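The UniProt record's numbering applies: residue 1 is where the sequence shown begins, and numbers increase by one. Please read the structure below before turning to the comments.
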Amino acid sequence: MGNLLVLIMAFKRSSRMKPPELLSVNLALTDLGAAVTMYPLAVASAWNHHWLGGDVTCIYYGLAGFFFGVASIMNLTVLAIVRFIVSLSLQSPKEKIGWKKVKLLCMWTWLYALVWALFPILGWGRYGPEPFGLSCSLAWGQMKHEGFSFVISMFSFNLVMPSVIIICCYFGITIKLYVTYKKSMNNSNRIPNVVKLHRRLLVISVLISIGFIGCWTPYSLVSLWSIFRDSSVIPPEISLLPCMFAKSSTVYNPLIYYYFSQSFKSEVKQLPWLCLGANPCHVPNRVNDNSIYMARVDVKPKVATPLNLQEVTEVKTVTLG
Numbered sequence: 001m002g003n004l005l006v007l008i009m010a011f012k013r014s015s016r017m018k019p020p021e022l023l024s025v026n027l028a029l030t031d032l033g034a035a036v037t038m039y040p041l042a043v044a045s046a047w048n049h050h051w052l053g054g055d056v057t058c059i060y061y062g063l064a065g066f067f068f069g070v071a072s073i074m075n076l077t078v079l080a081i082v083r084f085i086v087s088l089s090l091q092s093p094k095e096k097i098g099w100k101k102v103k104l105l106c107m108w109t110w111l112y113a114l115v116w117a118l119f120p121i122l123g124w125g126r127y128g129p130e131p132f133g134l135s136c137s138l139a140w141g142q143m144k145h146e147g148f149s150f151v152i153s154m155f156s157f158n159l160v161m162p163s164v165i166i167i168c169c170y171f172g173i174t175i176k177l178y179v180t181y182k183k184s185m186n187n188s189n190r191i192p193n194v195v196k197l198h199r200r201l202l203v204i205s206v207l208i209s210i211g212f213i214g215c216w217t218p219y220s221l222v223s224l225w226s227i228f229r230d231s232s233v234i235p236p237e238i239s240l241l242p243c244m245f246a247k248s249s250t251v252y253n254p255l256i257y258y259y260f261s262q263s264f265k266s267e268v269k270q271l272p273w274l275c276l277g278a279n280p281c282h283v284p285n286r287v288n289d290n291s292i293y294m295a296r297v298d299v300k301p302k303v304a305t306p307l308n309l310q311e312v313t314e315v316k317t318v319t320l321g
């Protein structure tokens with residue numbers, strides 16, 4: 001529901017959307033896709049206390065989970081890189097990232113995820129039942145020998161490398177914001193709002209990235225344990241928790257948007273089913289969270305415009321009167 005709300009908000013403001021915002025929409029699509037393709041079958045299986053599908057359905061379920069998971073982490077990585085590039089020149093007269101580049105980046109995240117999701121189908125890795133047999137994912141316990149290289153590669157390229165890139169990019173953005181803030185204190189022509197808006201987006205992005213990495217790290221650690229040690233020593237109750245954490249990563253993003261994005265919260269409150277009654281919703285006329293992606297930011301101080309002849313006459317009349 002939350003990710004669908006994000007997509008509705010994006011559709012409503014599509015004419016005002018800036019290129020980097022498409023990555024946030026793409027992230028909502030990955031989360032919504034995971035929820036739609038996986039959760040109904042998992043809930044139905046849990047209700048019946050056994051996996052309802054057969055081997056083919058198990059492969060489909062594992063492929064969908066792996067596909068949308070990789071797409072999400074890659075989308076977060078690209079988003080961090082794009083925001084780092086944008087932050088390099090907060091008041092640049094030109095957009096650093098255009099629509100064409102962003103669309104290509106979105107396509108790349110999907111293709112990259114699809115290639116990795118197909119590897120187990122082609123023989124490198126394997127999909128199988130999870131603990132308790134209520135859902136399916138990568139069959140870590142069955143890949144101790146033939147899937148060793150797959151697990152190591154998956155862990156390196158789909159968790160460690162993206163995490164390092166995300167941390168470096170957001171650390172760089174933090175340094176840039178600090179330097180810009182110091183300059184704004186000494187230069188009256190700078191607009192402090194730009195720093196504030198970047199800082200708010202930085203908080204949102206960092207929280208989303210920490211949440212995703214935090215949810216998927218236990219899952220990856222259990223997978224590594226399975227290929228280096230005997231996975232049977234892990235109690236099913238313990239091995240089930242990483243799976244649950246990983247699947248919960250699609251839930252919290254809309255909550256973060258709502259609590260930390262003033263523009264998103266205001267637009268949500270404008271929805272028809274939330275704006276009923278005698279007091280219609282009102283959105284204050286102010287700069288929203290996405291204004292920093294504008295092609296240019298007017299940093300010139302306001303200059304008083306000369307009075308026209310009529311205004312001069314009125315002033316003289318009032319003064320002499």
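Where is the CB? At the ideal position from N, CA and C, for every residue including glycine. What you are looking at is a predicted structure, and each value in this text was computed from that prediction instead of being measured.
Taking Y61 as the reference, which of L201, L138 and V251 has the closest Cα?
L138
With H, G and I counted as helix, E and B as strand and the rest as coil, what does DSSP make of P242?
helix
Closer than 6 Å by C-beta to A46: which residues in its own chain qualify, once you throw out the five before and the five after it? Chain order, please.
L134
Could you tell me the distance, in whole angstroms, from the CA atom of I59 to the CA atom of C243?
The alpha-carbon atoms of I59 and C243 are separated by roughly 16 Å.
Along the chain, where does the beta strand (DSSP E) containing L138 start, and where does it finish?
C136 to L138
When the Cα atoms are used, what is the spatial distance from Y170 to G211?
15 Å
Ends of the beta strand (DSSP E) at P129?
Y127 to P129
With F67 and A35 assumed to form a contact (beta carbons below 8 Å), what rounded beta-carbon distance in angstroms separates them?
At roughly 13 Å, the Cβ-Cβ gap does not stay under 8 Å, so F67 and A35 are not in contact.
Could you compute how far the alpha carbon of S72 sits from the alpha carbon of G65?
11 Å
Helix, strand or coil: which one does DSSP assign to F119?
coil
Use the C-beta contact count for H198: other C-beta atoms within 10 angstroms, 16 or more gives buried, fewer gives exposed.
buried
Can at least three beta-carbon pairs, one atom from the region 157-171 and one from the region 78-87, be found at a separation below 8 Å?
Yes: at least three Cβ pairs fall under 8 Å.
Could you pull the start and end residues of the alpha helix (DSSP H) that R83 belongs to?
D55 to S87
Which first and last residues belong to the alpha helix (DSSP H) in which F155 is found?
DSSP places F155 in the uninterrupted alpha helix (DSSP H) bounded by F148 to F155.
In whole angstroms, give me the CA-to-CA distance for C106 and T77.
11 Å
Per DSSP, what kind of secondary structure is G211 in: helix, strand or coil?
helix
Can the beta-carbon of S87 be found closer than 7 Å to that of K182?
no
If I follow the unbroken alpha helix (DSSP H) through L29, where does it start and stop?
E21 to N48
Is L79 closer than 7 Å to L23 when the C-beta atoms are compared?
yes
In whole angstroms, give me the CA-to-CA distance for P20 and I8.
17 Å
Could you check what DSSP says for L320 in three-state terms: helix, strand or coil?
No answer about L320 holds up, because its pLDDT of 40 lies below 50 and its placement is not dependable.
Please list, in chain order, all residues of the same chain as W110 whose beta carbon is under 7 Å from its beta carbon, the five residues on each side excluded.
A71
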